[in-house]
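In this text, residue positions in the sequence shown follow this note's numbering: the first is 854, and each later residue adds one.
Backbone N, C-alpha and C define an ideal beta-carbon position, used for all residues, glycine too.
Computed from a predicted structure; not experimentally measured.
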Amino acid sequence: MGGLSGRSSPGGAQPVIAGAHLARRFFQSIVDRGPDPAEEAWLLGLLTGAEAELYQQMSAADRSHALRSARCPALADDAQRVAAALHDVGKIQTGLGTWARVGATLMATAHPRGLRGRWANYQDHPRLGSEMLREAGSATLTVVWAAEHHLPLAKSSLPPEVAATLAAAD
Ligand SMILES: [Fe+2]
Ligand SMILES: [Fe+2]
């Protein structure tokens, strides 16, 4: 819930991922034992081959988060379930573990323009994921939600009810 709790950095271009969101994900990450195989089979049935390849590169904790997001009862259809599942796929380019993500978020809060390399990529995962999904031929909803999932709801280019539903699923 509350996944669109990001806020804009002083530069305005790149949202800083909100601490509350990260704290919740952190605690889920340290207790997570990986996704249930039957749940993964269900989700893979909704994805294209190219999307499935991206999904399977995600860490176990991120795949669990993807499945929890895709199973949100508020989602209206499979298009929204796929968008919900793949919103964080850009994290596969960051290669950061749980503790480094906490560090990246704390650093970004203190020094929004001071991050380099993989730490900067972590903060940039919405844009990276959106580009990967576009190249994979994903639906516009999936591409746009990956790009916008840390923006405030008011800044989303999606219909407000769709953005709110996807945010609830995150
Ligand atoms: Fe994210
Ligand atoms: Fe997320």
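Check	Outcome
Whole-number beta carbon distance between Q933 and L1019, since they are thought to touch under 8 Å	6 Å
Nonlocal neighbours in the same chain, by C-beta distance under 7 Å from K1008, ignoring five residues either side	none
D1023 CB to nearest heavy atom of ligand 2 below 6 Å	yes
Ligand 2 heavy atom lying under 6 Å from the CB of D889	no
Span separating the alpha-carbon of G943 from that of R924	20 Å
Closer than 6 Å: D941 CB and nearest ligand 3 heavy atom	The model depicted lacks ligand 3 and carries ligand 1 and ligand 2 instead.
Span of the alpha helix (DSSP H) around G902	G902 to Y908
Local conformation of S861 per DSSP, three classes	Because S861 sits at a pLDDT of 39, beneath the cut-off of 50, its placement in the model cannot be relied upon, and the following sentence gives the value as read from the coordinates. DSSP places S861 in strand when its eight states are reduced to three.
Outcome for S1010 when other beta-carbon atoms lying within 10 angstroms are tallied against a minimum of 16	exposed
Sub-7 Å separation of H940 and A999 beta-carbons	yes
Cβ shell of G897 (< 6 Å), same chain only, five flanking positions each side left out	The identity of residue 897 in the sequence shown is Leu, whereas the question assumes Gly. Same-chain partners within the cutoff: A905.
Cβ neighbour criterion (16 or more within 10 Å) applied to D1023	buried
Proximal residues to Y908 (C-beta, below 8 Å), its chain only, five neighbours per side dropped	L896, L897, L900, R916, A919, A938, L939 and V942
Where the alpha helix (DSSP H) containing L994 begins and where it ends	T993 to E1001
A1016, buried or exposed, once every other Cβ within 10 Å from all chains shown has been counted against 16	buried
DSSP state of N890 mapped onto helix, strand, coil	As written in the sequence, residue 890 is Pro, which differs from the Asn given in the question. Note: P890 maps to helix in three-state DSSP.
6 Å CB neighbourhood of I945 in its chain, flanking five on each side removed	Q910 and M911
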